[in-house]
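S.K.:
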Amino acid sequence: MSNATYGTDGLLATTLRNYAPKLEDNVFGAKVLLWVLKNAGALKDYDGGSVIVKPLIYAANSNVGSYENTDVFATAANTGISAAEYPWKQFYGLVHFTGIELAKNSGRSALLNLFSARMEQVELSMADALNIMLWDDGNSNSGKDFMGLGGIIDASDPAGGDLGGIDAGNTYWRATEKTATGANTLTLADMRNVYNTVSEGRDHPTNIVTTQTGFEAYETLLIGQARYEDMKMVDGGFQNFMFKGAPIAFDDDCETWAGDTAESPMWFFNTKYLELAKLAGVWFSPSELLQPTNQDAFYKHLLCYGNLVTSNRSRHGVLYNIHA
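The sequence shown runs 1 to 324 under UniProt numbering.
1. Under a Cβ-count criterion, where at least 16 other Cβ atoms within 10 Å of its own Cβ denotes burial, should residue 333 be classed as buried or exposed?
2. Ignoring anything shorter than 3 residues, give me the beta strand (DSSP E) runs that lie fully in the region 148 to 201, in order along the chain.
3. Assuming Leu-37 is part of the alpha helix (DSSP H), what are its boundary residues?
4. Just to confirm the assignment, what range does the alpha helix (DSSP H) spanning Glu-131 have?
5. When DSSP builds the beta bridges, which residues end up paired with Trp-88?
6. Is Asn-307 helix, strand or coil by DSSP?
7. Alpha carbon to alpha carbon, what distance is there between Tyr-172 and Pro-55?
8. Cα-Cα, which of Met-231, Val-32, Gly-99 is closest to Thr-293?
9. Use the C-beta contact count for His-323: other C-beta atoms within 10 angstroms, 16 or more gives buried, fewer gives exposed.
10. Could you give the distance in angstroms between the alpha-carbon of Ser-264 and the alpha-carbon of Val-209?
11. Using CA atoms only, rank isn't needed, just tell me which of Trp-88, Phe-241, Thr-213 is closest to Ala-226.
12. Determine the DSSP secondary structure at Thr-70, reduced to helix, strand or coil.
13. Going straight from the alpha carbon of Ala-258 to that of Leu-34, what length do you get?
14. Assign Ser-140 to buried or exposed, taking buried as 16 or more other Cβ atoms, counted over all protein chains shown, within 10 Å of its Cβ.
15. Tell me which residue opens and which closes the beta strand (DSSP E) that Gly-317 is part of.
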């Protein structure tokens, strides 16, 4: 190791360990979808396992009913319970230093300033990449990406195959898709239809996210009406309006995934049935300061093992083709 790094590795390692929790907060506070998942408590730790298993109930227990005196109870084998299984996926960020950079910034203050600049850059880059990935369908980068809402909120199987090992031929494993009516302009009737279709009992969409075009179209519908906001989202820095108890916000990344050819989709989802699973101990976890044998350079890896999963596709929906 270069003389420039004597004493540097310990300082960088300690600083990065202390920075890691702040890094997660900054990444998940940068984009609407990431913020929604974190603030809904949808980031869940797993101790291990070869796959991520999400139990699900898709039908009622048939051994239920009225009876009189000594009537014989129904004792059919219980069905209607299954499980979706999702693979672990890997995501990384990398912080790079050259030997001469470390030599030029060998003082503590200079080194920390260099480190802060690198960390700000990598956190913005990781937020952008992760957010885009979570709007995709999980099939990009040869299927190495995390699953995204583009694959979950669909009436058919993602391009990469069955979602969670369950075929969308099962009606309980399909999201709602609707194309905007009325010359493809946004209407409250279409929004109500998607919202109500994916609702059941006390379960309703917790969030609605669209593009800037979709958001402005909804804002136009509110002209002359009282406007309400979710103040928690406002405090997080995101403008929003309410619709039937769900905040509507915009995130332009929701239109960037390759499978979406429709204009300005509006996504309705219930965070009760969404989970960003993360493997405990490998979530924005920093590596040691690494030096290649053939370069005067040093690296720190930031690693994340996880995936976006759902336990109930039918509680989510999307409204397509919204024009301004």
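Ideal placement from N, C-alpha and C gives every residue a C-beta, glycine not left out. As the structure is a prediction and not an experimental result, all values here were calculated from the model.
M.R.: In this structure, then:
1. The chain is shown only over 1 to 324; residue 333 falls outside these bounds and no answer can be derived.
2. Contiguous beta strand (DSSP E) elements confined to the region 148 to 201 occur at 176 to 179, taking only those with 3 or more residues.
3. Bounds of the alpha helix (DSSP H) holding Leu-37 are 32 to 39.
4. This sequence places Asn at residue 131; Glu is not what is there. Start and end: 108 to 135.
5. Answer is none; Trp-88 lacks a bridge partner.
6. Asn-307 sits in a strand when the DSSP states are folded into three classes.
7. Each residue's alpha carbon lies about 14 angstroms from the other.
8. Considering only alpha carbons, the answer is Gly-99.
9. The residue is exposed, with fewer than 16 neighbouring Cβ atoms inside 10 Å.
10. Across the structure, Ser-264 and Val-209 are spaced so that their CA atoms are roughly 10 angstroms apart.
11. Checked all of Trp-88, Phe-241, Thr-213; the closest Cα to Ala-226 is Phe-241.
12. For Thr-70, the three-state secondary structure derived from DSSP is coil.
13. Note that Ala-258 has pLDDT 46, beneath the 50 cutoff, so the model's placement of it is unreliable and no number is given.
14. That one is buried.
15. From DSSP, the beta strand (DSSP E) with Gly-317 extends over 317 to 320.
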